[in-house]
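Numbering (our numbering), first residue to last: 3 to 230.
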């Protein structure tokens with residue numbers, strides 16, 4: 003199981019942010035969890051929390067042996083912590099994740115179709131090696147190109163790109179949403195919700211229209227809301 007792990011200095015503010023975007027509050031604390039149809043987000047008010055992901059399973063011993071050859075790991079309560087060398091913190095938690103039972107069906111959040119994380123890498127070979135040790139394999143692109151997408155057995159996806167690939171602000175890590183032709187509608191719904199827009203992107207539109215946007219949650223986690 004993989005969750006998005008986002009810090010906050012104000013839990014109530016973060017809860018309001020995600021509720022406004024139509025994410026469902028699954029659990030208000032210990033930990034605070036939100037989800038929609040294909041995303042699970044863990045909001046952490048601890049002052050030592052860092053933006054990234056949490057990966058849960060009973061043991062990480064095998065993966066840790068390989069990871070120690072390519073990066074530094076830190077011992078934490080119930081597991082390990084490492085950085086992908088580009089600002090994304092990865093928590094390896096040694097327990098089976100238990101999702102709260104008897105949850106009702108939910109609609110998709112206003113952000114649309116979540117397709118994984120995007121990370122800008124200064125050393126794409128090292129980044130790939132770290133994610134590969136965590137069970138991710140290339141499903142699109144190649145190590146020699148500017149862009150590649152990886153996926154694990156849970157079909158959680160991570161896209162790695164070289165510096166200066168994207169002509170817009172870039173926050174490591176960022177959640178990415180691909181909404182195709184529906185993205186203009188998604189943007190309109192986010193505007194109506196009064197969520198602040200960090201960047202309005204016109205670069206890809208020949209008519210100069212805002213057809214992609216970036217927002218951030220209160221902890222600084224980026225949201226790329228694109229029309230791919």
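Every residue, glycine too, gets a C-beta built ideally from N, C-alpha and C.
Nothing here was measured: the structure is a model prediction, and the numbers come from that model.
> Beta-carbon separation of residue 94 and residue 57 under 8 Å?
Replying inline: yes
> For residue 207, is the classification buried or exposed, using 16 other Cβ atoms within 10 angstroms of its Cβ as the cut-off for buried?
Replying inline: exposed
> Excluding five sequence neighbours on each side, which residues of the same chain lie with their C-beta closer than 7 Å to the C-beta of residue 241?
Replying inline: Residue 241 is absent from the model: the chain starts at 3 and stops at 230.
>> For the alpha helix (DSSP H) containing residue 217, name the first residue and the last one.
In response: Counting along the chain, residue 217 falls outside any alpha helix (DSSP H), though it belongs to the beta strand (DSSP E) covering 214-218.
>> According to DSSP, is residue 121 part of a helix, a strand, or is it coil?
In response: Assigned with DSSP and collapsed to three states, residue 121 falls in strand.
>> To the nearest angstrom, how far is the alpha carbon of residue 159 from that of residue 209?
In response: The alpha-carbon separation between residue 159 and residue 209 amounts to approximately 32 Å.
>> To the nearest angstrom, how far is the alpha carbon of residue 114 from that of residue 182?
In response: 10 Å
> Do residue 120 and residue 146 come within 8 Å of each other at the CB atom, strictly closer than that value?
Replying inline: No, they are not a contact pair.
> Does the Cβ of residue 44 have 16 or more other Cβ atoms within 10 Å, making it buried, or fewer, making it exposed?
Replying inline: buried
> When you compare only the Cα positions, how much space is there between residue 15 and residue 54?
Replying inline: 19 Å
> How about residue 3 and residue 130: are their beta carbons less than 8 Å apart?
Replying inline: no
>> Output needed for residue 20: all residues of its chain with C-beta closer than 6 Å, excluding positions within five of it in sequence on either side, in chain order.
In response: 36
> Which same chain residues, not among the five before or five after residue 72, have their C-beta less than 8 Å away from its C-beta?
Replying inline: For residue 72, where only same-chain residues beyond five positions count, the Cβ hits under 8 Å are 128, 131, 132 and 135.
> If we ignore side chains and look at the alpha-carbon of each, how far apart do residue 112 and residue 223 end up?
Replying inline: 16 Å
> Assuming residue 8 and residue 143 make a contact with CB atoms under 8 Å, what is their CB distance in whole Å?
Replying inline: In fact, because the Cβ distance is near 26 Å, the residues do not count as touching under 8 Å.
> Rounded to the nearest angstrom, how far is the Cβ of residue 75 from that of residue 66, given a contact under 8 Å?
Replying inline: 6 Å
> From 190, 174, 229 and 188, pick the residue whose C-alpha is nearest to that of residue 218; which is it?
Replying inline: 174
>> For a test of the three-state rule: what should DSSP assign to residue 22, helix, strand or coil?
In response: It is helical.
>> Which of the three DSSP states is assigned to residue 185 in this structure?
In response: helix
>> Closer than 8 Å is the cut-off here; do at least three beta carbon pairs connect the region 186-206 with the region 146-155?
In response: no
> Who does residue 46 pair with in a DSSP beta bridge?
Replying inline: 9
> Given a threshold of 16 other Cβ atoms within 10 Å of its Cβ, counted over all protein chains shown, does residue 167 qualify as buried or as exposed?
Replying inline: exposed
>> For a minimum of 3 consecutive residues, which ranges assigned as the beta strand (DSSP E) are wholly contained in the region 121-207?
In response: 139-143, 149-153, 159-163, 176-180 and 201-203
> With DSSP run on the structure shown, which of helix, strand or coil describes residue 68?
Replying inline: helix
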